[in-house]
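Each remark here refers to the structure printed beneath this line.
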Amino acid sequence: MKIEKLEVQSIQEAIEILEKKYGENAVILSSRIIKKKRFGFLPIFPRKMLEVTVGIQEEDFRRGIEREKELIKEIANLKRIVNELLNTNESKHETVPLKKDDKYSPRVRRIFERLIIKNINREIAEKLIEEACGYDLDNKIYDFKDEPYSAIKKSIEKNLKIEENFLENPPKVVALVGPTGVGKTTTIAKLAYLFKKNNKRVGIISLDSFRMGAFEQLKAFAEILEVPFKLADSPRSFNIHLLEMDDRDVILVDTAGRSHYDVVRLKELESYFKVSDINTYLTIAANLSELVMYEAIMQFGMFSIKGLVFTKLDETPYPGSIIN
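Remember, the working numbering sits 980 above the position in the sequence shown when you count from 1.
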């Protein structure tokens, strides 16, 4: 999306200009009253104008929207197929023959195989299954004591450390780091909205001075939410902005995407985080390969990562890598 600013007399005038110039491919992001100097008659009295910030959908963006609609249909079909597999009649589960020396009952075996299909490592799948089951001493097999899916859900929740009450009691400073294109800026915008909705005083600082388009979009979003927004282009200016926002309940810090192979750039970004009490979260797209996830975790480890934020969960049919 390209950002433009118009100076007009009214919103209606802005709408008319946009319709003539861009048709349906423009959206008004924000507006504010400004004062302009007069020239000629009565120059000492400034005239009031309306500055309108506009987002224009570029051709690539529009094609992306069309492709996104196609992907949504494909994902819906995938979900339907997966649900059909997961919701197979229980009586069918029982028809699975028990293999010789198999330690799982037929229905446990069926769910174990589904976990493997979802890309969960075999050893981890075994751990989750056995924690979710009881051991039948008579038949010497593992079987579910409770409803299977509830039991597995509890087992997964037990083994994952989820940050509780994050929106209600957030850390003072939350910084997102991660590879390029994983959705850090979008996640910052979502968090800002959710914190604001929870009556938290929010501030946003961007360390991304490389992508002006992303900066302008986040700035426009901050204006809509009516939260302070600053750009820091050096560790010193970052520290100054942190002090300026000390009255905020939570300060969200957006960073430029960095390849986890570019150690020099990572060190440069690390120099911003010498300030204490910065809670750094590594942002990872769920549709990345597990190997790339592990590599990112290793390389971004220099930031004293407090936790992981997984994005694009709707873009992978194999979320097992997150569990792994």
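Glycine included, each C-beta is placed from N, C-alpha and C at the ideal position. Computed from a prediction, not measured in an experiment: that's the story for all the values here.
Proximity to residue i [Cα-Cα], best of the options
i, options, result
"R1216", "F1195, Y1002, V1244, F1253", "F1253"
"L1108", "D1116, R1094, D1118", "R1094"
"S1284", "A1212, E1270, A1155, L1198", "A1155"
"D1116", "I1264, L1174, D1213, K1083", "K1083"
"A1147", "I1168, A1236, L1271, E996", "Note on residue identity: the sequence assigns Leu, not Ala, to residue 1147. It is I1168 whose Cα lies nearest to the Cα of L1147."
"K1176", "V1207, L986, R1245, D1118", "V1207"
"K1125", "I1142, G1158, I1096, V1088", "V1088"
"V1034", "I1220, K1015, N1005, E1137", "N1005"
"E1127", "G1114, I1121, K1138", "G1114"
"I1014", "Y1002, E996, V1007, V988", "V988"
Cβ neighbour criterion (16 or more within 10 Å) applied to residue i
i, result
"F1290", "buried"
"T1068", "With a pLDDT of 43 at T1068, under the threshold of 50, the modelled position of that residue is not reliable, and the figure given next carries that caveat. That one is exposed."
"S1214", "exposed"
"R1012", "exposed"
"G1044", "Low confidence applies to G1044: its pLDDT is 49, below 50, so where it sits in the model is not reliable enough to give any reading."
"K1199", "buried"
"T1260", "buried"
is_contact[residue i, chain C] using C-beta, thresh 8 Å
i, result
"N1259", "You won't find chain C in this structure, because it holds only one protein chain."
Beta-carbon proximity check, residue i vs residue j, cutoff 8 Å
i, j, result
"L1030", "I991", "yes"
"I1231", "G1183", "yes"
"K1134", "A1105", "no"
"L1187", "V1233", "yes"
"E1270", "S1301", "yes"
"K1141", "T1263", "no"
"I1277", "H1221", "no"
"V932", "T1235", "This structure does not reach residue 932, given that the chain is present from 981 up to 1304, and the question cannot be answered."
"I1311", "R1102", "As shown, the chain starts at 981 and ends at 1304. That puts residue 1311 outside it, with no answer to give."
Sheet register partners of residue i (DSSP bridge)
i, result
"M1029", "I1014"
"Y1115", "Y1122"
"L1288", "L1262"
"D1234", "L1156, S1186"
"A1200", "Bridge partners of A1200: none, in fact."
"G1035", "I983, V1007"
Element boundaries [beta strand (DSSP E), containing residue i]
i, result
"Y1261", "1259 to 1265"
"E987", "982 to 988"
"K1210", "1209 to 1211"
Continuous alpha helix (DSSP H) stretch holding residue i: start and end
i, result
"K1000", "991 to 1002"
"E1308", "Any answer about residue 1308 is impossible in this case: the structure gives the chain only from 981 up to 1304."
"I1135", "Reading the sequence as shown, one finds Ser at residue 1135 and not Ile. That run of the alpha helix (DSSP H) goes 1128 to 1139."
"R1245", "1243 to 1250"
"G1300", "1300 to 1303"
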